[in-house]
Amino acid sequence: MQIAITGSIATDHLMTFEGLFADSLVVEQLDKISLSFLTEDLQVRRGGVAANIAFGMANLGQRPILVGSVGEDFTDYRSWLERHGVDCQSIHYSESQHTARFVCTTDRDMAQIATFYAGAMAEARDIELAPVAHRVGGLDLVVVAPNDPV
């Protein structure tokens, strides 16, 4: 069965701040906020809805076809997906943007400050499925997962 998974491909950069964000906020100056927090750890995780679905399907014995847009910084993640049975030949590479990235810092009370960079994900709207279907001799199923938030 030929299954294409379309959607987001990203990395998640997760940090923990041992203090409280609230201790650094001055209510009267929220319109001039400028904060910096020192963290002791950084976890980089493979993410993106389509990539996670494709990885899960590959672990269940399928050979899903991942369709999305990434940057030139995707090499290690791609190798990892391919080693786990995901077909990555239909991924579009942006010539000017990095792979999408979620950056989140969590304090000891579980409050979070997060930023999302869509980057290459914005180019996913230009990907056509017909060439993907032609390459693999037709598609039995296409999963359309969340993608560019714009």
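First residue of the sequence shown: 0, per numbering that gives the first Met the number 0; consecutive thereafter. Beta carbons are placed, not taken as given, at the ideal position from N, Cα and C, and that holds for glycine.
(1) What separation, rounded to the nearest whole angstrom, lies between the Cα atoms of Ala113 and Ala50?
(2) Look up Ser23 in the DSSP assignment and say whether it is helix, strand or coil.
(3) Would you tell me roughly how many angstroms separate the C-alpha atoms of Val152 and Phe73, rounded to the nearest one?
(4) For the segment 6–79, which segments carrying the beta strand (DSSP E) assignment without a break, of at least 3 residues, lie completely within its bounds, in sequence order?
(5) Would you mind listing the beta strand (DSSP E) stretches within the segment 80–109 that are 3+ residues and don't spill past its ends, in chain order?
(6) Quick one: using the 10 Å Cβ neighbour count with 16 as the cut-off for buried, is Pro130 buried or exposed?
Reading from the atomic positions:
(1) As a first step, residue 113 must be located in the sequence shown, where it is residue number 114. As a first step, residue 50 must be located in the sequence shown, where it is residue number 51. So the alpha carbons of these two residues sit roughly 21 angstroms apart.
(2) Start at 1 with the first residue of the sequence shown, and residue 23 comes out as number 24. Ser23 falls in the helix class under three-state DSSP.
(3) Shown here, the chain extends from 0 to 149; a query on residue 152 therefore has no answer.
(4) 9–15, 42–46 and 64–66
(5) 99–105
(6) On the sequence shown, position 131 is the one that residue 130 refers to. The residue in question, Pro130, is exposed, as its Cβ has fewer than 16 Cβ neighbours within 10 Å.
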